[in-house]
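**Q** Below you will find the structure I want to go over with you.
Numbering (the working numbering), first residue to last: 5 to 89.
As structure tokens, this is what we get:
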């Protein structure tokens with residue numbers, strides 16, 4: 005089983021594991037699945053926000069915006085997080 009398939013299977017078993025989501029997003033990016041990686045990184049930022057982990061959410065948003073500066077939802081989330089921080 006490929007590393008990517010293994011990570012995807014693990015995430016199905018542990019959907020709340022944010023560290024695993026970040027690892028999978030990186031693997032998706034390396035595999036050329038940029039859109040999937042971006043979507044997963046955004047879900048991590050939202051989950052960090054929802055768990056009150058503002059600084060981690062900000063860090064993920066900033067990293068995501070380096071990868072996809074046009075990502076409007078992440079821009080909006082980052083603005084909200086930095087205003088509220």
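Note that the Cβ used here is the ideal one computed from N, Cα and C, for glycine as well.
#1: What residue range is occupied by the uninterrupted alpha helix (DSSP H) comprising residue 75?
#2: Measure the Cβ-Cβ separation of residue 68 and residue 46 and say whether it is below 8 Å.
#3: Tell me which residues share the same chain as residue 29 and place their Cβ nearer than 6 Å to its Cβ, disregarding the 5 neighbours each side in the sequence.
#4: First and last residue of the alpha helix (DSSP H) that includes residue 53?
#5: What are the boundary residues of the alpha helix (DSSP H) that residue 35 is part of?
#6: Would you kindly report the start and end of the unbroken alpha helix (DSSP H) that includes residue 10?
#7: State the Cα-Cα distance for the pair residue 33 and residue 57, rounded to the nearest angstrom.
#8: Residue 11 to residue 5, Cα distance in whole Å?
**A** To lay it out plainly:
#1: Element bounds for residue 75: n/a, residue is neither H nor E.
#2: Between residue 68 and residue 46, the C-beta spacing is below 8 Å.
#3: 41, 44 and 45
#4: 38 to 54
#5: Here residue 35 belongs to no alpha helix (DSSP H), and DSSP marks it neither H nor E.
#6: 7 to 17
#7: 24 Å
#8: 10 Å
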